[in-house]
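Okay, structure first, notes after.
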Amino acid sequence: MSLSPSLFSVGLTFQCPQCDFAVIKNGSWFQVVSHYRCEGCGREIRITYRDKIAIFQKHAHLAMPPPGAR
2 MSLSPSLFSV GLTFQCPQCD FAVIKNGSWF QVVSHYRCEG CGREIRITYR DKIAIFQKHA
62 HLAMPPPGAR
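Each residue of the sequence shown is one higher than the one before, starting from 2 at the first, in my numbering.
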């Protein structure tokens, strides 16, 4: 499965695995990021491709159809 471009401009939520602090970023951010510093606990959090797939699958219902699609 790939990361759907239809979610690149949609706010997606990821919870820190250490402290459960939620970060909300556009799908395009998740596409390129490999790690970030959690604002809740201050730890460096790694986001693997497997994590990204799970995030995109969780938010698949928010995907916008491409322009002109029915």
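For glycine and all other residues, C-beta sits at the position ideal for the given N, C-alpha and C. Keep in mind the model is a prediction, meaning the values are calculated, not measured.
C-alpha distance - residue i paired with residue j, whole-angstrom precision
i     : j     : result
His62 : Leu4  : 14 Å
Val34 : Ile25 : 13 Å
Gly12 : Lys59 : 12 Å
Gly41 : Cys20 : 7 Å
Beta-carbon gap between residue i and residue j smaller than 7 Å
i     : j     : result
Phe15 : Gly28 : no
Glu45 : Arg38 : yes
Where residue i falls: helix, strand or coil (DSSP)
i     : result
Val33 : helix
Ala61 : helix
Arg44 : coil
Ser7  : helix
Residue(s) in a DSSP beta bridge with residue i
i     : result
Val24 : Phe15
Arg38 : Glu45
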